[in-house]
């Protein structure tokens with residue numbers, strides 16, 4: 016098994032890539048929100064975004080990082096590997112695009128979606144491929160995974176960050192802590208930050224080890 020992890024936004028150039036790849040989808044969502052019977056226009060939105068992308072073709076080519084991840088995944092699969100793709104934020108969006116293009120399971124945390132933008136990629140992806148191979152974890156109050164429309168498979172999770180720190184809802188570690196708290200860890204260690212930084216309850220001790228002692232040893 017090979018797991019391809021795609022890094023999220025880490026600098027201003029990555030933020031610019033986010034904006035350029037998904038600006039048309041955000042515009043389409045805005046138009047839908049202000050028009051009467053907004054959802055009536057859903058079948059037309061991908062065509063609208065595709066038309067805009069043709070105008071921006073040269074600019075989009077420079078930020079189409081998904082082409083590199085798609086080529087890499089195709090290489091691994093051609094060598095007989097079982098591949099899965101994961102990513103956070105921009106990386107999550109790219110992971111889902113690559114997953115749909117290569118028919119490879121992909122899981123994103125707080126990734127921008129691709130249902131409206133699907134016709135702008137090279138090669139384009141289908142709704143069926145997104146529904147089958149893309150999964151997005153969408154924290155509450157996080158604006159990034161509300162860009163574009165999600166495919167069939169996604170999971171809403173709660174964000175317990177203070178309301179004046181809504182950007183914390185985009186943090187991958189916080190989302191991981193919420194998932195582990197709700198779904199359980201299946202015996203795997205819980206990150207110390209879940210309790211020490213994000214104020215989740217201490218997990219039940221296993222094998223006689225107390226969580227606070229273990230985390231104190233790690234920090235020391």
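Numbering (the working numbering), first residue to last: 16 to 235. Yeah, the Cβ is synthetic: ideal placement off N, Cα and C, and Gly gets one too.
Between residue 99 and the set 47, 212, 26 and 149, the nearest pair of CA atoms involves 149. Across the structure, residue 43 and residue 226 are spaced so that their CA atoms are roughly 48 Å apart.
Three or more Cβ pairs drawn from the region 136-144 and the region 110-125 lie within less than 8 Å of each other, which places the two stretches in contact. The residues 207, in chain order, have a CB closer than 6 Å to that of residue 230 in the same chain once the five nearest residues on each side in sequence are set aside. Ranking 129, 131, 127 and 110 by CA distance to the CA of residue 121 puts 110 first. Non-local beta-carbon contacts of residue 192 in its own chain, meaning distances under 6 Å to residues more than five positions away in sequence, involve 209, 213 and 215 in chain order. Put simply, the backbone Cα of residue 188 is about 27 Å away from that of residue 82. In this structure the region 89-96 does not touch the region 125-136; the number of beta carbon pairs closer than 8 Å is below three. Within the same chain, Cβ atoms closer than 6 Å to the Cβ of residue 184 are found at 154, 156, 157, 174 and 176, the five residues on either side in sequence being excluded. Between the alpha carbons of residue 46 and residue 39 lies a gap of roughly 11 Å. With contacts defined by Cβ atoms closer than 8 Å, residue 64 and residue 135 form a contacting pair. Under the criterion of beta carbons closer than 8 Å, residue 41 and residue 162 qualify as touching, at roughly 6 Å. Assignment of beta-bridge partners to residue 171 by DSSP yields 153. Distances from the alpha-carbon of residue 16 to those of 203, 29, 96 and 26 put 96 closest.
Inter-residue distance for residue 32 and residue 23 is about 11 Å (C-alpha atoms, whole angstroms). Looking at the backbone, the Cα of residue 27 and that of residue 152 are separated by about 24 Å. Beyond the five residues adjoining it in sequence on each side, residue 218 comes within less than 6 Å, by CB distance, of 205 and 226 in the same chain, given in chain order. Going by C-alpha positions, residue 54 is about 10 Å away from residue 60. Look at residue 176 here: in three-state DSSP terms it is coil, with no helix or strand label. In this structure, 102 is the residue among 223, 79, 102 and 164 with its C-alpha nearest to the C-alpha of residue 125.
Take the alpha-carbon of residue 25 and the one of residue 57: they are about 32 Å apart. Under the criterion of beta carbons closer than 8 Å, residue 200 and residue 159 do not qualify as touching, at roughly 26 Å. Residue 17 is bridged by DSSP to 98. Annotation: the continuous beta strand (DSSP E) that includes residue 122 extends over 121-124.
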